[in-house]
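Colleague: According to the numbering used here, the sequence shown is numbered sequentially starting from 149. From the three backbone atoms N, C-alpha and C, an ideal C-beta is built for every residue, glycine too. These figures come from a predicted structure and were not determined experimentally. Structure incoming, see below.
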Amino acid sequence: MSTAASDAIRPPIVAAGDAGRDTFAYCSQQYRVVFGAGTSARLGEESERLGVKRALVLTTPEQQDLGHQLGAGLGDRLAGLFAGARMHTPVEIPNQALNIVESHDIDGLVPIGGGSTVRLGKALSLRTGLPPIAVPTTYAGSEMTPIIGETTNGIKTTQHSQDLVPDTVIHDVDLTVSLPPQISAASGLNAIAPAVEALYAPDANPLTSLMAENGIAALARALPRIIGAPANATARRDALYGAWLCGVCLGAVGMSLHHKLCHVLGGMFDLPHAETHVIVLPHAVTYNAAAAPDAMTPIARALPATNAPQGLFELARRLALPRGLADIGMPEDGIARAAEMAVRCPYANPRPVERGTIQDLIAAAWRGDAPTQH
Ligand code: NAD
């Protein structure tokens with residue numbers, strides 16, 4: 149085998165019956181992904197493909213220079229740059245950007261950045277119907293989903309629409325190298341969460357299960373190497389590839405208890421998104437382990453670990469990520485309130501969601517305990 153072939157991204161070979169259900173429905177989404185090192189140089193070509201003549205580039209203030217640099221590749225198709233994307237996108241931001249879209253005759257959007265910038269692109273796309281070409285620079289995976297989340301008065305609500313999936317995604321591995329190692333670790337481990345829940349989703353199917361296991365394996369392999377060597381090209385490629393697959397899982401099947409808990413906690417206490425997911429995941433998986441044994445095997449195999457929740461907890465320790473919700477600012481008196489909110493309108497879950505056990509789960513996550521059965 150040549151070096152190039154042995155270094156290639158290898159999917160596991162799993163038969164349909166092992167990777168999900170024998171009877172299932174699979175719905176594919178319509179998008180084009182351009183993956184690899186240096187692929188953002190193809191922005192002009194990709195916008196031409198979509199017939200975009202006047203593109204608006206979107207970035208955060210911190211990534212404005214990157215926006216100018218990549219936007220230059222659009223040539224005459226670059227109509228402007230809006231560098232107002234921010235975490236938790238307050239509604240004024242898309243409204244400001246909408247004024248620019250309308251007054252400058254914009255016919256295409258190019259969000260360049262993390263989940264917050266991609267979210268701004270989705271919010272604008274929802275209001276205008278314009279085609280986005282997303283250029284993600286973190287592992288959030290938002291660019292692969294038909295979902296937009298918005299927080300109003302401390303309650304996060306999500307909307308689904310196929311129109312929210314970008315027409316084209318340019319996954320340029322080189323753009324992720326500048327993502328600081330600790331943010332890479334949190335963002336990458338957060339990306340694993342939807343793949344984990346995809347394996348016990350009510351509408352799980354062999355294709356999403358394959359993507360989930362392969363996505364978890366790629367990220368679990370890459371993240372510790374990124375901490376040790378942030379510029380390692382193979383590790384960066386594996387992490388972005390894993391994030392892509394895990395993002396597809398988030399968009400393709402229903403999410404369960406873990407995502408409900410993180411939506412409640414993030415919305416109620418304004419907690420950092422990625423760290424909240426990292427801390428809650430081993431506890432949510434422990435809660436569901438006995439009710440979803442078939443999902444635990446591929447998770448453990450992908451990490452690899454002998455026990456799925458323990459393996460997720462240990463991976464977070466190896467990456468030196470925060471251990472408890474207390475460490476990221478959740479007040480102790482919020483535990484009971486969060487449990488109350490989490491059992492209201494629960495998402496479909498392999499194990500019934502009960503107020504008392506959910507409160508125990510949140511309390512354990514708040515303290516930063518190792519995962520134990522609740
Ligand atoms: P982010 O987009 O908020 O970015 C965080 C910071 O990192 C910003 O300052 C940004 O400029 C900077 N940054 C981004 N890429 C960088 C790089 N390569 N080098 C250096 N700095 C860089 O963070 P995020 O974790 O990507 O996204 C989180 C948001 O995405 C949350 O609001 C979450 O709700 C959303 N999200 C949505 C979905 C969905 O399906 N709708 C999925 C996952 C996440």
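Below 7 angstroms, is the gap between the Cβ of HIS236 and the nearest heavy atom of the ligand NAP?
Modeller: Among the ligands present in this structure, namely the ligand NAD, the ligand NAP is not found.
Colleague: As a quick exercise: from ALA381, GLY472, ASP224, ASN362, pick the residue whose alpha carbon is nearest that of ALA448.
Modeller: For this step, residue 448 is matched to residue 300 along the sequence shown. The shortest C-alpha separation from ALA448 is found at ASN362.
Colleague: Please tell me whether GLY472 and TRP514 are closer than 8 angstroms, where the distance is taken between their beta carbons.
Modeller: Numbered from 1 along the sequence shown, position 324 holds the residue referred to as residue 472. Numbered from 1 along the sequence shown, position 366 holds the residue referred to as residue 514. Yes, these two residues count as a Cβ contact at 8 angstroms.
Colleague: Is it the case that the Cβ atoms of PRO329 and PRO378 are separated by a distance below 8 angstroms?
Modeller: Counted from its first residue, the sequence shown places residue 329 at position 181. Counted from its first residue, the sequence shown places residue 378 at position 230. Cβ distance < 8 angstroms, so PRO329 and PRO378 count as in contact.
Colleague: State the Cα-Cα distance for the pair HIS425 and ASP255, rounded to the nearest angstrom.
Modeller: As a first step, residue 425 is located in the sequence shown; it is residue number 277 there, counting from the start. As a first step, residue 255 is located in the sequence shown; it is residue number 107 there, counting from the start. C-alpha separation (whole angstroms): 36 angstroms.
Colleague: What are the start and end residues of the beta strand (DSSP E) that includes ILE318?
Modeller: Here residue 318 refers to the residue found at position 170 when the sequence shown is read from its first residue. Here the beta strand (DSSP E) through ILE318 covers 316-320.
Colleague: Looking only at DSSP bridge pairs, what is PHE183 linked to?
Modeller: As a position in the sequence shown, residue 183 is number 35, starting the count at 1. In the DSSP output, where bridge partners are listed per residue, PHE183 has HIS319.
Colleague: Report yes if the C-beta of GLU423 is less than 7 angstroms from at least one heavy atom of the ligand NAD; otherwise report no.
Modeller: In the sequence shown, residue 423 corresponds to position 275, counting from 1. Not under cutoff, so the answer is no.
Colleague: Flag SER195 as yes when its Cβ comes closer than 7 angstroms to any non-hydrogen atom of the ligand NAD, and as no otherwise.
Modeller: As a working note, residue 195 is residue 47 in the sequence shown. For the ligand NAD, not one heavy atom lies less than 7 angstroms from the Cβ of SER195.
Colleague: Nearest-angstrom Cα distance between MET359 and ALA343?
Modeller: Walking along the sequence shown from the start, residue 359 turns up at place 211. Walking along the sequence shown from the start, residue 343 turns up at place 195. Their backbone Cα atoms lie some 8 angstroms apart in a straight line.
Colleague: Quickly, what does DSSP pair PHE230 with across the bridge? List them, please.
Modeller: As a working mapping, residue 230 is identified with position 82 in the sequence shown. DSSP output for PHE230 lists LEU206 as bridge partner(s).
Colleague: Give me the Cα-Cα distance between LEU191 and ALA231, rounded to the nearest whole angstrom.
Modeller: Translated into the one-based positions of the sequence shown, residue 191 becomes position 43. Translated into the one-based positions of the sequence shown, residue 231 becomes position 83. Cα to Cα, the separation comes out at about 18 angstroms.
Colleague: Would LYS408 and ALA490 be called neighbours here (beta carbons separated by less than 8 angstroms)?
Modeller: Counting from 1 along the sequence shown, the entry for residue 408 is found at position 260. Counting from 1 along the sequence shown, the entry for residue 490 is found at position 342. Yes, these two residues count as a Cβ contact at 8 angstroms.
Colleague: Buried or exposed: which applies to ALA504, given that a residue is buried once 16 or more other Cβ atoms fall within 10 Å of its Cβ?
Modeller: In the sequence shown, the residue the question calls residue 504 occupies position 356. Per the sequence shown, residue 504 should be read as Gly rather than Ala. Exposed, because fewer than 16 other Cβ atoms sit within 10 Å of the Cβ of GLY504.
Colleague: Counting only runs of 4+ residues fully inside the region 347-433, write out the alpha helix (DSSP H) ranges in chain order.
Modeller: Listed in chain order, they are 354-376, 381-400, 405-417.
Colleague: Please state the DSSP three-state secondary structure of VAL313.
Modeller: Locating residue 313 in the sequence shown gives position 165, where the first residue counts as 1. Correct three-state label for VAL313: coil.
Colleague: With LEU323 and THR285 assumed to form a contact (beta carbons below 8 angstroms), what rounded beta-carbon distance in angstroms separates them?
Modeller: Within the sequence shown, residue 323 is the residue found at index 175, counting from 1. Within the sequence shown, residue 285 is the residue found at index 137, counting from 1. Indeed, because the Cβ distance is near 5 angstroms, the residues count as touching under 8 angstroms.
Colleague: Measuring alpha carbon to alpha carbon, tell me which residue in ALA288, VAL249, PRO500 is nearest CYS397.
Modeller: On the sequence shown, residue 397 is found 249 positions in, with the first residue counted as 1. Here the closest residue by C-alpha is ALA288.
Colleague: From this set, ASP213, GLY184, TYR174, MET403, which residue's C-alpha is nearest SER295's C-alpha?
Modeller: The residue labelled residue 295 in the question sits at position 147 within the sequence shown. With the sequence shown as reference, residue 295 is identified as Ile, and Ser is not the correct amino acid for it. Checked all of ASP213, GLY184, TYR174, MET403; the closest Cα to ILE295 is MET403.
Colleague: Going by Cα to Cα distance, which pick from SER357, ALA400, ALA346 is closest to ASN497?
Modeller: Here the question's residue 497 lines up with position 349 in the sequence shown. When only C-alpha atoms are compared, the closest one is ALA346.
Colleague: Quick test of your reading: SER195 and ILE281, contact by CB under 8 angstroms. State the CB separation rounded to the nearest angstrom.
Modeller: Taking the sequence shown and counting its residues from 1, the one referred to as residue 195 is at position 47. Taking the sequence shown and counting its residues from 1, the one referred to as residue 281 is at position 133. Correct: roughly 6 angstroms between the Cβ atoms.
Colleague: Give a yes or no on whether the C-beta atoms belonging to LEU469 and LEU337 are separated by under 8 angstroms.
Modeller: By 1-based counting over the sequence shown, the position of residue 469 is 321. By 1-based counting over the sequence shown, the position of residue 337 is 189. In contact: LEU469 and LEU337 (Cβ atoms closer than 8 angstroms).
Colleague: Between the C-alpha atoms of ASP213 and PHE172, what's the straight-line distance to the nearest angstrom?
Modeller: Position 65 of the sequence shown, counted from the first residue, corresponds to residue 213. Position 24 of the sequence shown, counted from the first residue, corresponds to residue 172. Between ASP213 and PHE172, the C-alpha separation is close to 46 angstroms.
Colleague: Flag this pair as yes or no: are the beta carbons of ALA438 and TYR348 separated by less than 8 angstroms?
Modeller: Here the question's residue 438 lines up with position 290 in the sequence shown. Here the question's residue 348 lines up with position 200 in the sequence shown. It is not a contact, given that the beta carbons lie outside the stated cut-off.
Colleague: With distances taken Cα to Cα, identify the nearest neighbour of PRO519 among VAL501, ALA453, GLU502, LEU429.
Modeller: For this step, residue 519 is matched to residue 371 along the sequence shown. It is LEU429 whose Cα lies nearest to the Cα of PRO519.
Colleague: Out of LYS270, LEU226, GLY219, GLY261, which has the shortest C-alpha to C-alpha gap to ASN243?
Modeller: Here the question's residue 243 lines up with position 95 in the sequence shown. With distances taken between Cα atoms, ASN243 lies closest to LYS270.
Colleague: By Cβ distance, which residues of its chain are closer than 7 angstroms to LEU467, with the 5 residues on each side in sequence left out?
Modeller: Here residue 467 refers to the residue found at position 319 when the sequence shown is read from its first residue. ALA333, LEU337, LEU371, PRO372, ILE375, listed in sequence order.
Colleague: Taking the alpha-carbon of GLY261 as reference, which of ILE157, PRO279, PRO238, GLY219 has the nearest alpha-carbon?
Modeller: In the sequence shown, the residue the question calls residue 261 occupies position 113. When only C-alpha atoms are compared, the closest one is GLY219.
Colleague: May I ask which residues mark the beginning and end of the beta strand (DSSP E) holding ALA282?
Modeller: In the sequence shown, residue 282 corresponds to position 134, counting from 1. Start and end: 281-284.
Colleague: Tell me the DSSP bridge mates of VAL258?
Modeller: Within the sequence shown, the letter at position 110 stands for residue 258. The partner list for VAL258 (beta bridge, DSSP) reads VAL205.
Colleague: Reducing DSSP to helix, strand and coil, say where GLN521 ends up.
Modeller: Translated into the one-based positions of the sequence shown, residue 521 becomes position 373. In the structure shown, GLN521 sits in coil (DSSP, three-state: anything other than H, G, I, E or B).
Colleague: Per the DSSP calculation, ILE296 is bridged to which residue(s)?
Modeller: Reading the sequence shown from its first residue, position 148 is the one you call residue 296. Paired residues: GLN307.
Colleague: Using the C-alpha atoms, what's the distance from HIS411 back to ALA484?
Modeller: Sequence index remark: in the sequence shown, residue 484 carries index 336 (1-based). Sequence index remark: in the sequence shown, residue 411 carries index 263 (1-based). When rounded, the distance between both Cα atoms is 16 angstroms.
Colleague: To the nearest angstrom, how far is the alpha carbon of VAL200 from that of PRO314?
Modeller: Here residue 200 refers to the residue found at position 52 of the sequence shown. Here residue 314 refers to the residue found at position 166 of the sequence shown. Rounded to the nearest angstrom, the two C-alpha atoms are 14 angstroms apart.
Colleague: So for THR324, helix, strand or coil by DSSP?
Modeller: If you number the sequence shown from 1, residue 324 lands on position 176. Residue state, collapsed to three classes: helix.
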